[in-house]
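Trainee: When you read off a place in the sequence shown, starting at 1, and then add 7, the result is the number in this note's numbering. Using N, Cα and C, we set each Cβ at its ideal position, and we do this for glycine too. Values in this document were obtained by computation on a predicted structure and should not be read as measured data. Let me begin by handing over the structure; questions about it come next.
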Amino acid sequence: MKPSLFCPLAALLFFSFAANADDEKKTPPPNFVIIMADDLGYGDIGCYGSDSIPTPNLDALAKGGMRFTDYHSNGAVCSPTRAALVTGRYQQRSGIGGVVTAANHRDTGLAIEETTFADVLGENGYATAIFGKWHLGYDPKFNPSHNGFGEFIGYVSGNVDFFSHVDQAGYEDWWRQAELTPEEGYTTHLVTRHGLRFIEENKDRPFCLYLPHEAPHYPYQGPNDSPIREIGHAGAVHGEREDIAAAYREMVVEMDKGVGEIVAALEKHGLRENTLVFFCSDNGANQNGNNGGLRGFKGQIWEGGHRVPAIANWPGRIAPGSTTDVTALSMDLFPTMLDAAGIDADPKLALDGVSLMPALTQQGQVADRTLFWDVGRGVAARKGDWKYVVEMPKGKKGKPTPESTEGLYDLSKDLSEESPVENADMAAELKAALEKWQASWAEVKQRS
Ligand SMILES: [Ca+2]
Numbered sequence: 008m009k010p011s012l013f014c015p016l017a018a019l020l021f022f023s024f025a026a027n028a029d030d031e032k033k034t035p036p037p038n039f040v041i042i043m044a045d046d047l048g049y050g051d052i053g054c055y056g057s058d059s060i061p062t063p064n065l066d067a068l069a070k071g072g073m074r075f076t077d078y079h080s081n082g083a084v085c086s087p088t089r090a091a092l093v094t095g096r097y098q099q100r101s102g103i104g105g106v107v108t109a110a111n112h113r114d115t116g117l118a119i120e121e122t123t124f125a126d127v128l129g130e131n132g133y134a135t136a137i138f139g140k141w142h143l144g145y146d147p148k149f150n151p152s153h154n155g156f157g158e159f160i161g162y163v164s165g166n167v168d169f170f171s172h173v174d175q176a177g178y179e180d181w182w183r184q185a186e187l188t189p190e191e192g193y194t195t196h197l198v199t200r201h202g203l204r205f206i207e208e209n210k211d212r213p214f215c216l217y218l219p220h221e222a223p224h225y226p227y228q229g230p231n232d233s234p235i236r237e238i239g240h241a242g243a244v245h246g247e248r249e250d251i252a253a254a255y256r257e258m259v260v261e262m263d264k265g266v267g268e269i270v271a272a273l274e275k276h277g278l279r280e281n282t283l284v285f286f287c288s289d290n291g292a293n294q295n296g297n298n299g300g301l302r303g304f305k306g307q308i309w310e311g312g313h314r315v316p317a318i319a320n321w322p323g324r325i326a327p328g329s330t331t332d333v334t335a336l337s338m339d340l341f342p343t344m345l346d347a348a349g350i351d352a353d354p355k356l357a358l359d360g361v362s363l364m365p366a367l368t369q370q371g372q373v374a375d376r377t378l379f380w381d382v383g384r385g386v387a388a389r390k391g392d393w394k395y396v397v398e399m400p401k402g403k404k405g406k407p408t409p410e411s412t413e414g415l416y417d418l419s420k421d422l423s424e425e426s427p428v429e430n431a432d433m434a435a436e437l438k439a440a441l442e443k444w445q446a447s448w449a450e451v452k453q454r455s
């Protein structure tokens, strides 16, 4: 037998067992665990090539499941990606086209009228929770506990002191539901600890657990450091460590340990084969991280701003050690969960995302589509390997101006986006598609 024939045959046998109709009838709805790192770059963990940060638990998750090579955050900064993730739609449709900042957007957020995946899963009998970073509104009226999540413990700003849980504008920021409720502990440990408790409490019913970690976002504090911020005192934004690379490593290592503990808890309760675990990042790394050789950083339209690690693990449904090059976005997770749970999406939701289940199970194809990013200083449209990019000069946001630069890149040959190529027809097609997409949400007031 040719080596090339071996894998498909093995996959066929594997999935014909997994997809047996009688088995499916007896299987309860699957659980979902979404673990999202904050500002983790494409090259920041072992299974994506890092040789400086050991991440054995994430590597094991990838080895037992599927690694994405072309997964992207919807935004290039925190709030926009999170809006797209929870609504399954481009973030501009809910007005979160930019970051909700601690200093200037105290009364801005994701409207509770928006439908989140937690709303839909909750209506379908799921226990739902978010432990960690919300970043979709400071005012309690925007609290996730009002937007479908049965339980919320964590913070609502972009980052808190990992120990005192004070945000960078000096506000106390650790909540239980919509009430400020201080809690002792290192943020990463608290996120994991509440996740473990939630799994224990809900092991006998379907659940959806969203764990948006703080690591490795600044302030750069490892688990053995000390608090640096106090209530009422803005500042100490990045922390006091001078060895930022070491602190960054400690932060990722601690998050990775937490991932291992969550997976072990699922194992202990016999839930692995009925649980989709999905790990991803919310945007690319800044200059302190590693974007794996991609151009650019957090906040930018280049691949380094939004192509991030993503791992899906579901023993029995996702083949171990598999890789996919399907182009996927944060907004795809909502429809993916509905599809996996056998829940029909209400057409009124008008989700922009699509189910990734065909890619995850290797039982089909995710249909070709044109995808879009608008990160303020840059916009892009992507079709296949073609990426049309417009970058505006600093201080100029939104529409291209005479000072902006535009280019078409062939990512199959030039993943680091070094040299634009000539293809006038493709450039015109993507430019027109981008303008049509921008027009589709032009009437929505954005967060600032
Ligand atoms: Ca982020």
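Rounded to whole angstroms, what is the Cα-Cα separation between Trp448 and Arg100?
Mentor: Within the sequence shown, numbered from 1, the residue matching residue 448 stands at position 441. Within the sequence shown, numbered from 1, the residue matching residue 100 stands at position 93. Whole-angstrom Cα-Cα distance: 6 Å.
Trainee: In its own chain, which residues sit with a C-beta less than 6 Å from the C-beta of Ala28, not counting the 5 before and 5 after it?
Mentor: For this step, residue 28 is matched to residue 21 along the sequence shown. For Ala28, the predicted structure reports a pLDDT of 48, less than 50, and the residue's modelled location is therefore unreliable. A value from the coordinates is still provided. There are no such residues.
Trainee: So, helix, strand or coil for Gly312, using DSSP?
Mentor: By one-based count along the sequence shown, residue 312 stands at place 305. In the structure shown, Gly312 sits in a helix (DSSP, three-state: H, G or I).
Trainee: Can you round the beta-carbon distance between Asp359 and Arg96 to whole angstroms, since I take them to be within the 8 Å contact cut?
Mentor: If you number the sequence shown from 1, residue 359 lands on position 352. If you number the sequence shown from 1, residue 96 lands on position 89. About 5 Å separates the two Cβ atoms, so the contact holds.
Trainee: Mind checking Ile238: buried by the 16 CB within 10 Å criterion, or exposed?
Mentor: Taking the sequence shown and counting its residues from 1, one reaches residue 238 at position 231. So Ile238 counts as exposed.
Trainee: For the stretch 306 to 324 against the stretch 282 to 290, do three or more pairs of beta-carbon atoms, one drawn from each stretch, fall closer than 8 Å, so that the two count as touching?
Mentor: With a cut-off of 8 Å, the stretch 282 to 290 and the stretch 306 to 324 count as touching, because enough Cβ pairs lie within range.
Trainee: Can you tell me where the beta strand (DSSP E) holding Arg389 begins and where it ends?
Mentor: Counted from its first residue, the sequence shown places residue 389 at position 382. It spans Gly385 to Lys390 - the beta strand (DSSP E) in which Arg389 sits, taken as one unbroken run.
Trainee: Would you call the stretch 140 to 153 and the stretch 59 to 70 in contact, with 3 or more CB pairs under 8 Å?
Mentor: Touching, no.
Trainee: Where DSSP assigns a beta bridge to Ile160, which residues make up the other side?
Mentor: Indexing the sequence shown from 1 puts residue 160 at position 153. The partner list for Ile160 (beta bridge, DSSP) reads Phe138 and Arg183.
Trainee: What is the residue span of the alpha helix (DSSP H) that Ala44 lies within?
Mentor: The sequence position of residue 44 within the sequence shown is 37, counting from 1. Segment Asn38 to Ala44 is the beta strand (DSSP E) holding Ala44; no alpha helix (DSSP H) there.
Trainee: Given this structure, state the Cα-to-Cα distance separating Asp168 from Ser419, to the nearest angstrom.
Mentor: Within the sequence shown, residue 168 is the residue found at index 161, counting from 1. Within the sequence shown, residue 419 is the residue found at index 412, counting from 1. For Asp168 and Ser419, the distance between alpha carbons rounds to 41 Å.
Trainee: Ignoring anything shorter than 4 residues or poking outside the stretch 77 to 119, list the alpha helix (DSSP H) runs there in chain order.
Mentor: Segments of the alpha helix (DSSP H) lying fully in the stretch 77 to 119: 85 to 94.
Trainee: Any heavy atom of ligand 1 inside 7 Å of the beta-carbon of Asp45?
Mentor: The residue given as residue 45 occupies position 38 in the sequence shown. Indeed, a heavy atom of ligand 1 lies less than 7 Å from the Cβ.
Trainee: Considering only their Cβ atoms, is the gap separating Thr122 from Gly129 smaller than 8 Å?
Mentor: Locating residue 129 in the sequence shown gives position 122, counting from the first residue. Locating residue 122 in the sequence shown gives position 115, counting from the first residue. Going by C-beta atoms, Gly129 is not nearer than 8 Å to Thr122.
Trainee: Along the beta strand (DSSP E) that carries Asp417, what are the first and last residues, could you check?
Mentor: The residue given as residue 417 occupies position 410 in the sequence shown. Thr412 to Asp417 is the span of the beta strand (DSSP E), which, as asked, contains Asp417.
Trainee: Any heavy atom of ligand 1 within a distance shorter than 7 Å of the CB on Asn7?
Mentor: A question about residue 7 goes unanswered here, because the residues of the chain that appear run from 8 up to 455.
Trainee: Under 7 Å from any heavy atom of ligand 1, does the C-beta of His224 make it?
Mentor: For the purposes of this step, residue 224 is identified with residue 217 of the sequence shown, where counting begins at 1. It does: the Cβ of His224 is within 7 Å (strictly closer) of some heavy atom of ligand 1.
Trainee: Classify Trp393 as helix, strand or coil using the three-state DSSP reduction.
Mentor: Taking the sequence shown and counting its residues from 1, the one referred to as residue 393 is at position 386. Three-state result, Trp393: strand.
Trainee: Mind checking whether Thr377 and Ala440 have CB atoms under 8 Å apart?
Mentor: If you number the sequence shown from 1, residue 377 lands on position 370. If you number the sequence shown from 1, residue 440 lands on position 433. Yes, the pair counts as a contact, with Cβ atoms nearer than the cut-off.
Trainee: Helix, strand or coil: how does DSSP classify Gly242 here?
Mentor: Here the question's residue 242 lines up with position 235 in the sequence shown. DSSP places Gly242 in coil when its eight states are reduced to three.
Trainee: Note down, in chain order, each residue of its chain lying with its Cβ closer than 8 Å to the Cβ of Ala17, except the 5 sequence neighbours on either side.
Mentor: Here the question's residue 17 lines up with position 10 in the sequence shown. Any reading at Ala17 is ruled out, since the residue's pLDDT is 45, under 50, leaving its predicted position unreliable.
Trainee: Is Phe286 helix, strand or coil when you go by DSSP?
Mentor: Here the question's residue 286 lines up with position 279 in the sequence shown. Reduced to three states, the DSSP call for Phe286 is strand.
Trainee: CB of Asn81 to nearest heavy atom of ligand 1: below 7 Å?
Mentor: On the sequence shown, residue 81 is found 74 positions in, with the first residue counted as 1. Result no, Cβ not under 7 Å from ligand 1.
Trainee: Quick test of your reading: Gly312 and Ala125, contact by CB under 8 Å. State the CB separation rounded to the nearest angstrom.
Mentor: Residue 312 sits at position 305 when you count from the first residue of the sequence shown. Residue 125 sits at position 118 when you count from the first residue of the sequence shown. The pair is not a contact, with the Cβ atoms about 27 Å apart (cut-off 8 Å).
Trainee: Taking the Cβ atom as the reference point for each residue, do Ser233 and Phe170 lie within a distance shorter than 8 Å?
Mentor: In the sequence shown, the residue the question calls residue 233 occupies position 226. In the sequence shown, the residue the question calls residue 170 occupies position 163. Yes.
Trainee: May I ask you to list the residues that DSSP assigns as paired with Ile318?
Mentor: Taking the first residue of the sequence shown as 1, we reach residue 318 at position 311. DSSP output for Ile318 lists Arg74 and Phe286 as bridge partner(s).
Trainee: For Pro37 and Arg212, I'd like the C-alpha separation in whole angstroms.
Mentor: For the purposes of this step, residue 37 is taken as the residue at position 30 of the sequence shown. For the purposes of this step, residue 212 is taken as the residue at position 205 of the sequence shown. Taking the straight line joining both Cα atoms gives about 9 Å.
Trainee: Taking contact to mean 3 or more Cβ pairs, one atom from each stretch, closer than 8 Å, check whether the stretch 220 to 228 and the stretch 43 to 60 are in contact.
Mentor: They touch, by the three-pair rule.
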